[in-house]
DNA sequence: TTGTAAATGAGAATCACTTGCAATTATAGC
DNA sequence: GCTATAATTGCAAGTGATTCTCATTTACAA
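Protein chains in written order, with our numbering: chain A, 5 to 147; chain B, 5 to 147.
Structure representation (structure tokens):
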């Protein structure tokens, strides 16, 4: 009986609240990681065993389109999802250990803003992510 | 008999200079567009009719790994390639007309640099691209 | 010229995701 | 609470981009 903001928003927009959507949303809200479709599927199955991967994809598509979650490409070939944070941030993924570091660079937001104004652009999506080696892995690599 | 810098670099690193590699390189060097694998393949076929798509992929993989070309995801589901420019730049792709606008934002480079130093990171790849509507398409859309 | 390891072509395979369709189910109205 | 019905689901087949397998070809050092 927890009135999750995501559930409420989904409902308000005229979507039906099904068991599988509720579960996917719960997993997304509880997880602090950046889950990809497959791990989202695995976690969701624990609560709704008959859920299908297609439903996971369909659910994140709806949530993404509503702006409730964001999709990132973290250097891998598939996408990762996260509930939208209050403050926008970007991601660094360590090639060595897989760790994801979130960072906020106001300068980037400013740069985008200036570019949009200068060129008369309307920006819809921003994709900004870095990969490399974190401090730990650099130390371990001997350089 | 033109000693293309890319050919020279390829050779210097111990790779064999085959007809198909030469052709792919030529197409990449001559084109000012951001070609995807398929159009690279189509253009290459005009000079080496029996070249296969697999070879195109293998060739760009080698070039990319050597840092001679860069791959970008321009809002589409597949990659686009470009010979590495002297000055780094990023891309804006118009959802309306498909036009790609290159832009340079020193602020972004600075932000990345500062982040790397602050967190002790070694940055290997930077993915930064925008999508939205260009001035023309915005006008045409009536907003 | 020749030996041999690298590279290629053709097509099968993979990976991430999407779609078609029949069966289920949430929910508005009675 | 029932019922009708349109949204949603599960499954399996389909896609699109890219990679891999393997037999054949080829670059190039000797």
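Glycine included, every Cβ here is placed at the ideal spot set by N, Cα and C.
Treat the numbers as computed from the prediction; the structure is a model and nothing was measured.
List the DSSP bridge partners of residue i.
i	result
residue 124/B	Answer by DSSP bridge pairing: none, since residue 124/B is not bridged.
residue 174/A	For residue 174/A there is no data in the structure shown, the boundaries of chain A being 5 and 147.
residue 18/B	Per DSSP, none; premise fails for residue 18/B.
residue 87/B	73/B
residue 39/B	85/B
Can the beta-carbon of residue i be found less than 8 Å from the beta-carbon of residue j?
i	j	result
residue 128/A	residue 136/B	yes
residue 76/A	residue 84/A	yes
residue 70/A	residue 17/A	yes
residue 38/B	residue 86/B	yes
residue 55/A	residue 29/A	no
residue 133/B	residue 44/B	no
residue 61/B	residue 48/B	no
residue 126/A	residue 142/B	yes
residue 114/A	residue 50/B	no
Can you list, in chain order, the residues of its chain whose CB lies under 6 Å from that of residue i, leaving out five sequence neighbours each side?
i	result
residue 25/B	63
residue 1/A	Since the first residue shown for chain A is 5 and the last is 147, residue 1/A is missing from the structure and cannot be characterised.
residue 140/B	none
residue 59/B	24
residue 36/B	none
Report all residues from its chain with a CB closer than 8 Å to the CB of residue i; omit the five preceding and five following residues, and keep chain order.
i	result
residue 15/B	21
residue 88/A	71, 72, 73 and 74
residue 68/A	74, 75 and 85
residue 108/A	91, 92, 93 and 94
residue 1/A	Residue 1/A lies beyond the residue range present for chain A, which begins at 5 and ends at 147; the question has no answer from this structure.
residue 33/A	8, 10 and 87
residue 5/A	Residue placement at residue 5/A cannot be trusted, given a pLDDT of 49 that sits under 50; the coordinates are not used to answer.
Near residue i, what residues of its chain come up, given a Cβ to Cβ distance below 7 Å and the 5 sequence neighbours on each side ignored?
i	result
residue 66/A	19
residue 130/A	116
residue 146/B	Model confidence at residue 146/B stands at a pLDDT of 49, short of 50, so the residue's coordinates are unreliable; what they give is reported in the following sentence. Closer than 7 Å at the Cβ level, and outside the excluded window around residue 146/B, lies no residue.
Can at least three beta-carbon pairs, one atom from the stretch 115–128 of chain A and one from the stretch 119–127 of chain B, be found at a separation below 8 Å? no
Are there three or more Cβ pairs, one per stretch, closer than 8 Å when the stretch 87–99 of chain B is compared with the stretch 93–108 of chain A? no
As an exercise, report each continuous beta strand (DSSP E) stretch of at least 3 residues that is fully enclosed by the stretch 94–139 of chain A, in chain order. 94–98, 104–107 and 126–137
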